[in-house]
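Following: one structure in structure tokens, then a few remarks.
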Amino acid sequence: MGIFTEFFGIVRHAGKNVQRFMLCVFINGLVMSALSVMLGIYYTNIGLSEVIIGNLLSIRTLGNSLGAFFAILLVETFGTKRSLYVSFSTMIICGLCFTNITILPVMQAASFLFGVSQAIFVVIQAPFYKSHSDDKNVVGVFSASFVLNNMAMFSGSFLFGIFSDIFAGFGGLVFGSKMVLNISFILLIINLFSLSRIEFDLELNNSHKGSKFRDYFSILNRDSILYMIKTALIGLGAGLIVPFFSVYIKHSLNTTDSVVGSIMAFAQFGTVLGGLLTPILSRRLGRVKFVLICQLMSIPFLISISFPQGAFIMAVSFFFRNSLMNMANPVLQSMAMDLVDKKHRTVMSSLFTLCDNLLRALGTQAGGIIMMAVSYNTPYYITVVLYLLSAVLIYCVFGRNEKFKNLR
Numbered sequence: 061m062g063i064f065t066e067f068f069g070i071v072r073h074a075g076k077n078v079q080r081f082m083l084c085v086f087i088n089g090l091v092m093s094a095l096s097v098m099l100g101i102y103y104t105n106i107g108l109s110e111v112i113i114g115n116l117l118s119i120r121t122l123g124n125s126l127g128a129f130f131a132i133l134l135v136e137t138f139g140t141k142r143s144l145y146v147s148f149s150t151m152i153i154c155g156l157c158f159t160n161i162t163i164l165p166v167m168q169a170a171s172f173l174f175g176v177s178q179a180i181f182v183v184i185q186a187p188f189y190k191s192h193s194d195d196k197n198v199v200g201v202f203s204a205s206f207v208l209n210n211m212a213m214f215s216g217s218f219l220f221g222i223f224s225d226i227f228a229g230f231g232g233l234v235f236g237s238k239m240v241l242n243i244s245f246i247l248l249i250i251n252l253f254s255l256s257r258i259e260f261d262l263e264l265n266n267s268h269k270g271s272k273f274r275d276y277f278s279i280l281n282r283d284s285i286l287y288m289i290k291t292a293l294i295g296l297g298a299g300l301i302v303p304f305f306s307v308y309i310k311h312s313l314n315t316t317d318s319v320v321g322s323i324m325a326f327a328q329f330g331t332v333l334g335g336l337l338t339p340i341l342s343r344r345l346g347r348v349k350f351v352l353i354c355q356l357m358s359i360p361f362l363i364s365i366s367f368p369q370g371a372f373i374m375a376v377s378f379f380f381r382n383s384l385m386n387m388a389n390p391v392l393q394s395m396a397m398d399l400v401d402k403k404h405r406t407v408m409s410s411l412f413t414l415c416d417n418l419l420r421a422l423g424t425q426a427g428g429i430i431m432m433a434v435s436y437n438t439p440y441y442i443t444v445v446l447y448l449l450s451a452v453l454i455y456c457v458f459g460r461n462e463k464f465k466n467l468r
């Protein structure tokens, strides 16, 4: 119970602005769970091939990459709050478009714009939390937001799979998955109401105003470049496998949407538990050692997923892969913000988002092709190598730096 007490304590003392922002994170997590579990299945149900599915998913991720640049310009011009209004409103409209209009060019355009608008929200998150935290509670705030996001992913993965089967009983498989996706996008209206009550503090606004395009070059140094390469490797590896998790499970086990959703939900539950443990373990082990242990221990479970097996072993492997690989993210995000000056944090967040999603888009496109041309298992072996290389880079950036080496 101690981990839950600590989590609720962090959220309670975070302040109203952070709590309202975390609600936006939770709702966004529900939407992402619907996309993660149901979108690939929906595209399969309407008869799209793995190559076209990979293309649509990678276009959205490419939008995330270019949106990272666009976010800086938008925030500079209109401010943080108005930019987030644009972000959530566009996500609602575009999500409804690529779900309900089955004309490929329209789906591609809507997917791209959805990715652009989503990136605005993602880019603002890390600077927002950093500006509302001190060094003592920064890992806790990042971890609490991470836990809420994954609680939403867990709840959504479990419930949306069940709802899809229920709706399918009324109108067929296509109708079931389409209804779930539509409901998730409409939920984003809640974020518009929550956003209206958030006050963005002066430090965050000044950080955005001081972020110019030329600052992309001024923050480039050895550590930031190595961290960007690390981010790109993780993005490429995740792109190869993560968007296809639901399709891969359904293909491997030949099962129903509700079973797929249950396995994905179980994996997200592991990520929630991992996030709850993050503040405690990072204090005991040290932040750098904690991150390296988590990422290296996740690799055997990733290998396990790639082998043919029953639903139970598959679920356990997903559980530990997700929890170990992802629970290090809050710590990494908080440390990455300290690689640059305060006024460059938004630019740093933008640049990392771009690197992650640009390579993730490439990986998603390649993943669909590899699965169709070679096998569903091959992308997992490539991802293992990429994750090992990323762990080496994490050590090079943080493990040998006195500023981070003993940080707890």
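Each step along the sequence shown adds one to the number in the working numbering, with nothing skipped, and position 195 is 255.
Ideal Cβ positions, reconstructed from N, Cα and C, are used throughout, including at glycine.
Compare the Cα-Cα distances from Met-357 to each of Met-385, Phe-148 and Ser-364 and report the closest residue. Met-385
Around the C-beta of His-404, are 16 or more other C-beta atoms found within 10 angstroms, so that it is buried, or is it exposed? buried
Phe-260 - containing alpha helix (DSSP H), residue span: Unbroken run through Phe-260: none, as it is neither H nor E.
Extract the residue ranges of the alpha helix (DSSP H) inside the region 330-385, only unbroken runs of 4 or more that lie entirely within it. 347-365
Any idea if Ile-196 is buried or exposed, counting beta-carbon neighbours within 10 angstroms, 16 or more meaning buried? Contrary to the premise, residue 196 reads as Lys rather than Ile in this sequence. Under this definition Lys-196 is an exposed residue.
Using a Cβ-Cβ cut-off of 8 Å (strictly less than) and excluding sequence neighbours within five positions of Leu-252, which residues of its own chain qualify? Tyr-145, Phe-148 and Ser-149
With a threshold of 16 other CB atoms inside 10 Å of the CB of Phe-68, please say whether the residue is buried or exposed. exposed
Three-state secondary structure (DSSP) of Asn-115: helix
Using the beta-carbon count (16 or more within 10 Å), is His-268 buried or exposed? Any reading at His-268 must be qualified, since the residue scores a pLDDT of 47, below 50, and its modelled position is unreliable; the value itself is stated next. With 16 or more Cβ atoms within 10 Å of its Cβ, His-268 is classed as buried.
Reduced DSSP secondary structure (H/G/I, E/B, other) of Val-444: helix
Grab me the residues of Cys-157's own chain with a C-beta within less than 6 Å of its C-beta, minus the 5 sequence neighbours each way, in chain order. Ala-170
Can you look up Ser-193 in the DSSP assignment and give me helix, strand or coil? coil
Below 7 Å CB to CB, which residues in the same chain sit around Thr-424 once its five sequence neighbours on both sides are set aside? Gly-114, Leu-117, Ser-118, Thr-121, Gly-299 and Pro-303
Expressed to the nearest angstrom, what Euclidean distance is found between the alpha-carbon atoms of Leu-83 and Ser-254? 7 Å
Excluding the 5 residues flanking Phe-412 on each side, which residues of the same chain have their C-beta closer than 7 Å to its C-beta? Met-288, Thr-291 and Ala-396
First through last residue of the alpha helix (DSSP H) which encompasses Asn-160: 140-160
Boundaries (first-last residue) of the alpha helix (DSSP H) holding Arg-80: 76-94
To the nearest angstrom, how far is the alpha carbon of Ala-433 from that of Lys-141? 45 Å
Whole angstroms are fine: how far does the CA of Arg-72 sit from the CA of Phe-202? 14 Å
So which of Phe-220, Phe-380 and Ile-70 has the shortest CA-CA distance to Ser-471? Past the edges of the chain, shown from 61 to 468, lies residue 471, and the structure says nothing about it.
Separation of Val-85 from Glu-263, as counted between CA atoms: Here the model assigns Glu-263 a pLDDT of 47, short of 50, so the residue's position is not dependable and the matter cannot be decided.
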